[in-house]
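Take a look at the structure below.
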Amino acid sequence: MSSFGHGCQGHGNTGHQTRLQFAASLLIINYTRSITMLIARTFLELFDQANNFPFPDQHLTADDFRDPETYCTVPFKLGDQLLGVLLPSTVAKLKEYNARQQLNPFLIGEDVIRFDERHVKGVEERTAVVRRLLEVWREERAFKCLAGWRDELYPVYGDPNNQPSTVAFVLERAAAPLFGVVQFGSQLNGYVRDPVTGEIKMWIGRRAMTKHVFPGRLDTLVGGGIPYGQTPYETMVRECAEEANIPESLAKHAKAVGVITFVYHTDMLGIFPETLYIYDLELSANVIPVPVDGEVECFYCWGMDEVKKHILAGEFYPGITLVIIDFLIRHGLLTAENEPDYVALCSRLRRKLDYAPPRYVI
2 MSSFGHGCQG HGNTGHQTRL QFAASLLIIN YTRSITMLIA RTFLELFDQA NNFPFPDQHL
62 TADDFRDPET YCTVPFKLGD QLLGVLLPST VAKLKEYNAR QQLNPFLIGE DVIRFDERHV
122 KGVEERTAVV RRLLEVWREE RAFKCLAGWR DELYPVYGDP NNQPSTVAFV LERAAAPLFG
182 VVQFGSQLNG YVRDPVTGEI KMWIGRRAMT KHVFPGRLDT LVGGGIPYGQ TPYETMVREC
242 AEEANIPESL AKHAKAVGVI TFVYHTDMLG IFPETLYIYD LELSANVIPV PVDGEVECFY
302 CWGMDEVKKH ILAGEFYPGI TLVIIDFLIR HGLLTAENEP DYVALCSRLR RKLDYAPPRY
362 VI
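Each residue of the sequence shown is one higher than the one before, counting from 2 in our numbering.
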């Protein structure tokens, strides 16, 4: 099949493909409600759905306060530096845990939560305290998001005394939304140009049904969270090989084109402040991505009108909607002449976050 076709470039086993297609059909049925909620008439509406968590600097209406669980968050700080934000449900569980400990690891106030630095000092001790807490919560099944435990460590930044990295502590990736800590990821836009028309087409992946977060949704060609000890570039290269069978000899030609920042919230998963490092990679027509590690069900190569149609149908993982809007703007496919909300979209792609940024030392 030509790379300019609309078919799914997936696993070679036909029976396996059939089962996956059937599973995808079940997904559409079972997730109709959640997907319908994301259907929008405009890119700006989708943008606001993907960047839907208000922080104190945002104007809130009376309707916002009907759900105090969502908006009455408590900041988690180290000194004056924001590390995360906790929902009331998480704060309540944290108080219960703290009360059971001989030495309280946390100082929990109405307006701020901190490590008790009288006996929790430094990166290793903070990491150990958080690990013990999460192991208890996991065993108690206290939060749904911990069912997606991955044994993958994420760094939380904000310790000026830990130079040069400024890592404050490290935690299990699945627990990041409980603490509202910023998550960092790398996303690669893979695209081709039609040799006859010059038209740009994008490679789009469909997330595997086994993914804990947004199974079956559409995604960029490759992407993933940046684990402890890796840089954005290293993560991008690794994900290219693991998810799409793209070797480093090709991946190294990807161009770093900036970052996108936003904060997303769902009742089941919690708070997702995210910073995504974005890369573009133009591929030749004979390069066909192939799923490798089971993270991706299959790949499609779609013209941009087709991509827009699926975006407006709410079929993409929410944060990826912003990544593709950014791609459309940078490549001159969304302009002031064809998009009435052009200025608003451009201005909102990089939301100000009060978190400490990472320092990647190479």
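For every residue, glycine included, the Cβ atom is placed at its ideal position computed from N, Cα and C. Please read these numbers as outputs of a predicted model, since none were measured by experiment.
Cut-off 7 Å between Cβ atoms - residues of its own chain near residue i, not counting five sequence neighbours on either side
{"i": "isoleucine 261", "result": "Leu277, Ile279, Leu323, Val324, Asp327, Leu350, Arg351"}
{"i": "aspartate 342", "result": "Thr43, Phe44, Leu45"}
{"i": "proline 216", "result": "Leu28, Arg208, Ala209, Met210"}
{"i": "asparagine 31", "result": "In this predicted model, asparagine 31 has a pLDDT of only 37, less than 50, meaning its place in the structure is not dependable enough to derive any value."}
{"i": "valine 121", "result": "Pro106, Arg127, Val130"}
Continuous alpha helix (DSSP H) stretch holding residue i: start and end
{"i": "valine 183", "result": "Per DSSP, valine 183 belongs to no alpha helix (DSSP H) and is neither H nor E."}
{"i": "glutamine 50", "result": "44-51"}
{"i": "phenylalanine 328", "result": "319-331"}
{"i": "lysine 94", "result": "89-101"}
{"i": "leucine 346", "result": "343-349"}
Alpha-carbon spacing of residue i relative to residue j, whole angstroms
{"i": "methionine 365", "j": "glycine 85", "result": "It is not possible to answer for residue 365, since the shown part of the chain is limited to 2 through 363."}
{"i": "alanine 286", "j": "arginine 194", "result": "8 Å"}
{"i": "glycine 315", "j": "valine 113", "result": "36 Å"}
{"i": "asparagine 176", "j": "leucine 135", "result": "Looking at the sequence provided, one finds alanine at residue 176 rather than asparagine. Answer to the nearest angstrom: the Cα atoms are 7 Å apart."}
{"i": "tyrosine 356", "j": "phenylalanine 263", "result": "12 Å"}
{"i": "glycine 123", "j": "aspartate 160", "result": "9 Å"}
{"i": "proline 196", "j": "glutamate 283", "result": "13 Å"}
{"i": "arginine 115", "j": "lysine 78", "result": "5 Å"}
{"i": "asparagine 374", "j": "alanine 148", "result": "The question about residue 374 has no answer here: the residues shown for the chain are numbered 2 through 363."}
{"i": "asparagine 105", "j": "proline 228", "result": "29 Å"}
{"i": "phenylalanine 54", "j": "aspartate 117", "result": "28 Å"}
{"i": "glycine 230", "j": "valine 171", "result": "11 Å"}
{"i": "arginine 101", "j": "phenylalanine 107", "result": "12 Å"}
{"i": "leucine 346", "j": "arginine 139", "result": "39 Å"}
{"i": "tyrosine 192", "j": "tyrosine 98", "result": "49 Å"}
{"i": "arginine 119", "j": "glutamine 82", "result": "18 Å"}
{"i": "leucine 313", "j": "leucine 47", "result": "7 Å"}
{"i": "threonine 336", "j": "isoleucine 330", "result": "7 Å"}
{"i": "isoleucine 205", "j": "phenylalanine 317", "result": "10 Å"}
{"i": "proline 76", "j": "valine 214", "result": "25 Å"}
{"i": "proline 248", "j": "valine 137", "result": "40 Å"}
{"i": "proline 319", "j": "glycine 259", "result": "19 Å"}
{"i": "serine 348", "j": "glutamate 141", "result": "43 Å"}
{"i": "glutamine 50", "j": "arginine 132", "result": "32 Å"}
Unbroken beta strand (DSSP E) run spanning residue i, endpoints
{"i": "glycine 304", "result": "297-304"}
{"i": "glutamate 125", "result": "Premise fails: glutamate 125 lies in the alpha helix (DSSP H), 123-141, not in any beta strand (DSSP E)."}
{"i": "glutamate 283", "result": "271-283"}
{"i": "proline 76", "result": "75-79"}
{"i": "arginine 115", "result": "114-116"}
{"i": "phenylalanine 107", "result": "107-109"}
Cβ-based neighbour list, residue i, same chain, cut-off 8 Å, excluding 5 preceding and 5 following
{"i": "glutamate 240", "result": "Ser187, Leu189, Val223, Gly224, Gly225"}
{"i": "valine 293", "result": "Ala242, Glu243, Glu244, Ala245, Asn246"}
{"i": "histidine 7", "result": "No answer about histidine 7 holds up, because its pLDDT of 47 lies below 50 and its placement is not dependable."}
{"i": "proline 166", "result": "Sequence check: residue 166 is serine here, not proline. Answer for serine 166: Pro156, Tyr158, Pro359, Arg360, Val362, listed in chain order."}
{"i": "histidine 266", "result": "Asn53, Phe54, Thr71, Ile272, Phe273"}
{"i": "lysine 145", "result": "Met269, Leu270"}
{"i": "methionine 354", "result": "Correcting the residue identity first, residue 354 is leucine in this sequence and not methionine. Excluding residues within five positions, the ones whose Cβ falls inside 8 Å are Val183, Thr262, Val264, Pro274, Thr276."}
{"i": "glycine 295", "result": "Ala209, Thr211"}
Anticipated Cβ contact below 8 Å, residue i with residue j, distance rounded
{"i": "threonine 232", "j": "tyrosine 361", "result": "4 Å"}
{"i": "proline 178", "j": "isoleucine 272", "result": "5 Å"}
{"i": "valine 288", "j": "arginine 207", "result": "With 8 Å as the limit, valine 288 and arginine 207 do not qualify as a contact, their Cβ atoms being about 18 Å apart."}
{"i": "methionine 237", "j": "alanine 255", "result": "6 Å"}
{"i": "alanine 169", "j": "arginine 127", "result": "6 Å"}
{"i": "proline 274", "j": "glutamine 184", "result": "7 Å"}
{"i": "lysine 94", "j": "alanine 143", "result": "6 Å"}
{"i": "isoleucine 201", "j": "histidine 311", "result": "About 16 Å separates the two Cβ atoms, so there is no contact after all."}
Own chain partners of residue i with C-beta closer than 6 Å, once the 5 adjacent residues on each side are dropped
{"i": "glutamate 153", "result": "Arg174, Pro228"}
{"i": "alanine 252", "result": "Val238, Cys241"}
{"i": "leucine 334", "result": "Met305"}
Which runs of the beta strand (DSSP E) fall wholly inside the region 193-260 and span at least 3 residues, in chain order?
-> 201-208, 223-226
Uninterrupted beta strand (DSSP E) stretches inside the region 138-173 (no shorter than 3 residues) = 154-158, 168-173
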